[in-house]
Amino acid sequence: MTKTKYNSVLVIDDHKMVANGIKLLIGDLFENFLMAHDGASGMSLALRHFPQLIVVDYSLPDTTGDLLVRELKYKLPKSHILAYSFTYSPDVIVRMLQSGINGYVIKKEDDEEFIKAVHLLMQNKDYFCKEARIHIVNRFTGTEDEYSIKHLIANTKFSGKEIELIKLLCKQMNTKEIGHNLNLSERTVEQYRSNIGRRIGAKNLAGIIKFALQNGIVQIDDL
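Positions 1 to 223 (the UniProt record's numbering) are the ones given, in order, by the sequence shown.
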């Protein structure tokens, strides 16, 4: 195992035994280990220390994980967020996914699964345990959003520039307008658009808009 230590991790879990167990499991991987037992104190610690990794439970005494993650992602966009919960309800997993998590591991998984997720997130990759992926796929089975399924399975990672381009596409800006907004040539905009469509399996603008709505990149009110 690599001797290189990561900088900091914050665990937000109302079960102190779980938080202490995580510290025993991955504490040696980080220079600084922080823990909180509710959303408010977790947010306070996050804003003081700006941890590289935040491990969040879904069920907290004062909030739900998806609401907390949305706030964390807004205020600490560079932090990687791993959902670690007993909850494997498809509704909860999808809500957490749409809130901006980078990974989801169910607490009944073994230690190696959790450690694997931590390392992948610290390498700027997303990771969803097998059961979470199965629930996500089952949730979308029978819909026409096959590109969403492909995205969720592959855990596609978009750059900030690509996310901004998706948002502008959803506002139905043309290539010239998008290029002006993002300081890109029209040719580059077309290349971005083609690449995005291919990666998510969307054949047209309607497909990109559906994908963006499904994954929380834009809201109905933004269109």
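Positions of the beta carbon are idealized from the N, C-alpha and C atoms, including for glycine.
No experiment lies behind these values; they were computed from the predicted model shown.
- I196 and H180 have their C-alpha atoms roughly 19 angstroms apart.
- M35 has V11 as its beta-bridge partners, per DSSP.
- Distance from I178 to V189 at the Cβ level is roughly 5 angstroms; contact confirmed, criterion being Cβ atoms closer than 8 angstroms.
- About 6 angstroms separates the Cβ atoms of H37 and K16, confirming a contact at the 8 angstroms cut-off.
- Here Y74 carries a helix assignment [DSSP, helix/strand/coil].
- For the set R193, L213, Q214, the Cα lying nearest the Cα of N204 is the one of R193.
- Rounded to the nearest angstrom, the gap between the Cα atoms of N102 and L76 is 13 angstroms.
- Counting every other CB atom within 10 Å of its CB across the protein chains shown gives K210 a total of 16 or more, marking it as buried.
- Between S85 and P51, the C-beta gap is not smaller than 8 angstroms, which leaves the two residues out of contact.
- Around Y6, the same chain offers L29, F30, E31, Q52, L53, M122 as residues with beta carbons nearer than 8 angstroms, after the five sequence neighbours per side are excluded.
- G39 counts as buried, since no fewer than 16 other beta carbons sit within 10 angstroms of its beta carbon.
- Contact between M43 and D66 does not hold, since their C-beta atoms are separated by about 14 angstroms, which reaches or exceeds 8 angstroms.
- Spatial neighbours of K73 in its own chain (CB-CB distance under 6 angstroms, excluding positions within 5 residues in sequence) are listed in chain order as G100.
- Contiguous alpha helix (DSSP H) elements confined to the UniProt domain "HTH luxR-type" (151-216) occur at 160-170, 175-182, 186-200, 205-214, taking only those with 4 or more residues.
- Secondary structure at F114: helix, using DSSP grouped into helix, strand and coil.
- Collapsing the DSSP output to three states places I106 in a strand.
- For E112 and L169, the gap between their C-alpha atoms comes out near 41 angstroms.
- A direct Cα-Cα distance of roughly 19 angstroms separates I115 from Y58.
- The criterion of a C-beta distance shorter than 8 angstroms is not satisfied by L82 and L45.
- S85 carries a strand assignment under DSSP once its states are collapsed to helix, strand and coil.
- Restricting attention to V94, G27, I12, the CA atom closest to the CA of T63 is found in I12.
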